[in-house]
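K.L.:
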Amino acid sequence: MAIDVAKKAGKKRKSEQGGKTLKEPVPEPDVPQQKPQNKKIVFTDDGEQREVPVDGEKKQKKDKKKQRRQEGTGGVGTNVDELEKRWYEHFDGYNTVGELVELKDGEIAELRKLCRVAFEAECRNLQKNNPSDAKWLMTALEKGTSRDRANAGALLVQTNPLCNLAALEAVVGMVKLSNKGHLDVVEVVSELMLNSIMPAFRKLVAIPLRGADWKNVKKQELGKELRDRIYAYWHFEDALRDIYFSFLNNLSALIQTGQDNSKMKVVQYASKLFTMVPEKEAYLLSMLVNKLGDPGKKVAVKALYHLTEVVKKHSAMCPVIVTETEKLLFRNNISPSAQHYALTFLAAISKYGDFSSCEKMINVCFSFFKILTEKGEVNSRTMQAILACLRKAIANVKRDVDLANFIKPEILNTVYRLIHLADISIACQGLSLLLEITESKGAEQNRFYNALYRKLLDPQLATIGPRISNVFFYI
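Taking full-length UniProt numbering, the leading residue of the sequence shown gets 1, the next gets one more, and so forth.
1) For cysteine 163 and leucine 126, what's the separation of their Cα atoms in angstroms?
2) Under the rule that 16 or more other beta-carbon atoms within 10 Å means buried, what is phenylalanine 355, buried or exposed?
3) Tell me which residues share the same chain as tyrosine 283 and place their Cβ nearer than 7 Å to its Cβ, disregarding the 5 neighbours each side in the sequence.
4) Just confirm the distance between the C-beta atoms of methionine 174 and serine 146, as a whole number of angstroms; I'd bet it's less than 8 Å.
5) Can you tell which of Phe369, Ile243, Glu281 and Tyr305 has its C-alpha closest to the C-alpha of alanine 167?
6) DSSP state of valine 205, grouped into three classes?
7) Using the three-state DSSP reduction, which class does valine 171 fall into: helix, strand or coil?
8) Could you check the C-alpha separation between leucine 456 and lysine 398 for me, to the nearest Å?
9) Could you check what DSSP says for leucine 390 in three-state terms: helix, strand or coil?
10) As an exercise, report each continuous alpha helix (DSSP H) stretch of at least 4 residues that is fully enclosed by the region 414-455, in chain order.
11) Considering only the alpha carbon of each residue, which of Lys298, Pro466, Val277 and Lys176 lies closest to histidine 314?
12) Looking at C-alpha atoms only, which residue of Ser432, Glu374 and His420 is the closest neighbour of leucine 390?
13) Can you tell me whether threonine 382 is buried or exposed? The criterion is at least 16 other CB atoms within 10 Å of its CB, across all chains shown.
14) Can you give me the Cβ contacts of leucine 372 inside the same chain, cut-off strictly under 8 Å, excluding the 5 residues immediately before and after it?
15) Extract the residue ranges of the alpha helix (DSSP H) inside the region 230-284, only unbroken runs of 4 or more that lie entirely within it.
16) For glutamate 122, which of Arg229, Phe245 and Ala152 has the nearest alpha-carbon?
17) Compute the Euclidean distance between the alpha carbons of glutamine 256 and arginine 227, then round it to the nearest angstrom.
18) In three-state DSSP terms, what is histidine 306?
19) Would you identify the three-state DSSP class for glycine 10, choosing helix, strand or coil?
20) For asparagine 179, which three-state DSSP category applies?
21) Would you report the Cα separation of valine 364 and alanine 338, rounded to the nearest angstrom?
22) For asparagine 160 and alanine 109, I'd like the C-alpha separation in whole angstroms.
23) In this structure, how does DSSP classify glycine 77 when only helix, strand and coil are distinguished?
24) Compare the Cα-Cα distances from glutamine 198 to each of Glu279, Ala206 and Ser262 and report the closest residue.
25) In whole angstroms, what is the alpha-carbon distance linking cysteine 358 and serine 350?
26) So, at 7 Å on beta carbons, what are the nonlocal neighbours of alanine 335 in its own chain, with the 5 sequence-adjacent residues on each side left out?
27) Over what stretch of residues does the alpha helix (DSSP H) that includes isoleucine 349 continue unbroken?
28) Closer than 8 Å by C-beta to lysine 360: which residues in its own chain qualify, once you throw out the five before and the five after it? Chain order, please.
29) Inspect the beta-carbon positions of alanine 206 and aspartate 238 and report whether they are closer than 8 Å.
30) Taking the CB atoms as reference points, tell me whether asparagine 290 and leucine 343 lie closer together than 8 Å.
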């Protein structure tokens, strides 16, 4: 009986399969299975037990690190452009507005007090944003080699300039001859000034010169917080101006009393500062030009080279540099070596100068030429330098003026007399100068060629070197 039932059930299944296809069961929609979160049991400060997801904890740590990194830049906001600003780019619109307004002593004292109080408050706020390694850098500033201490101070100043004026002052104080590693410190501080601290487009403004700016700030409806921040930056700029001047004074002491290698290093960085930083330009220029008269030949040549490079990059500075060189030339008790390098420098920059600069060079050289001829010092390398400078300067201006009328006749007579009395090298320099002056005047040309043919008979021509030979063949 059971066998018959099983057979009937089997036949029924076969007939169903032959008649129509069995329906497949509809798959249930996939429900995303939640991955078990890794949790970590932590204890709060009150002793309570709490479960925290591990991923969430990592994210929190990452956010905290990011926040510390942003705070370490010294900024107060999260705006990237704001954080990347140099200190002198903040509130630049409130600098030197309008005409110069003189302040009375009482007003200057009041403004100084306002700026100092605002600066102290701003420093307290920014001190919270110091990087985590600020304490370590402060320790490194007091210990280690000179270069390590200077680098630590530079990092502090770059990170948060307003709060680290004391660190900058400490590093500048290390620029002295008694410090064995002073050359490393000079390099670090100079690069810091050039790349981070000093503005390249304007001079620093002292608080007594803020009369117009103060008047403008008081006129505008500014909030107290914004106004105090402006005052804080004014105080920082005034203090930075004094520190920078102190740094230049230390450089001046090194360049006067140091060894030749120290002097040459200072000349190199002083020329960079003079080229890139408008602050204290006259002071730096005087420092560099005076080194043309240094007793050490290497130092004088180094100063000549770097000053020439300055004129190449900034030809507009040529008139000021010529005036400063003139002061050196006519100084009392100056050595012949200093005179020679000063005149060689003028000859080197004559091709970069404009008409007024070359005209001034011509007047300076002729005045000095007259002094030497009156003293009877005609056979000297200084005389050769004068004639070379005159020839190059005159070549630049002869298209714009009539040289025969521009140069006084007594000067021409002195040059002709010099050609007959001086040795062959100076005579050749004088002839090349006369060629530049007289090439457009028929009567003067006759006198020039008469002097030239007389000099061709001079037996000293057989002894001239290659440099004078080039001058002679140029004639």
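Quick reminder that beta carbons are idealized off the backbone N, C-alpha and C, glycines included.
P.N.:
Per the coordinate set shown:
1) 7 Å
2) exposed
3) Leu248
4) 6 Å
5) Per the C-alpha coordinates, the member of Phe369, Ile243, Glu281 and Tyr305 positioned closest to alanine 167 is Ile243.
6) The answer is coil: DSSP assigns valine 205 none of H, G, I, E or B.
7) helix
8) Distance from the CA atom of leucine 456 to the CA atom of lysine 398, rounded to whole angstroms, is 27 Å.
9) DSSP places leucine 390 in helix when its eight states are reduced to three.
10) If only uninterrupted alpha helix (DSSP H) runs of at least 4 residues are considered, those enclosed by the region 414-455 are 424-438.
11) Val277
12) Looking at the Cα atoms, Ser432 is the closest of the given residues.
13) Answer is buried; the Cβ neighbour count reaches 16.
14) Within the same chain, Cβ atoms closer than 8 Å to the Cβ of leucine 372 are found at Val378, Ser380, Thr382, Met383 and Ile386, the five residues on either side in sequence being excluded.
15) 260-276
16) The shortest C-alpha separation from glutamate 122 is found at Arg229.
17) 44 Å
18) helix
19) Bear in mind that a pLDDT of 48 at glycine 10, under 50, signals an unreliable position, so the model cannot answer this.
20) Residue state, collapsed to three classes: coil.
21) 15 Å
22) 27 Å
23) Residue confidence for glycine 77 is low, a pLDDT of 38 falling below 50, so the modelled location carries little weight and cannot support an answer.
24) Note that residue 198 corresponds to methionine in the displayed sequence, not to glutamine. Out of Glu279, Ala206 and Ser262, Glu279 has the C-alpha closest to the C-alpha of methionine 198.
25) 6 Å
26) Reading the sequence as shown, one finds serine at residue 335 and not alanine. Closer than 7 Å at Cβ, skipping near neighbours: Gly293.
27) 336-349
28) Excluding positions up to five away in sequence, the list reads Pro319, Val322, Thr323 and Glu326.
29) yes
30) no
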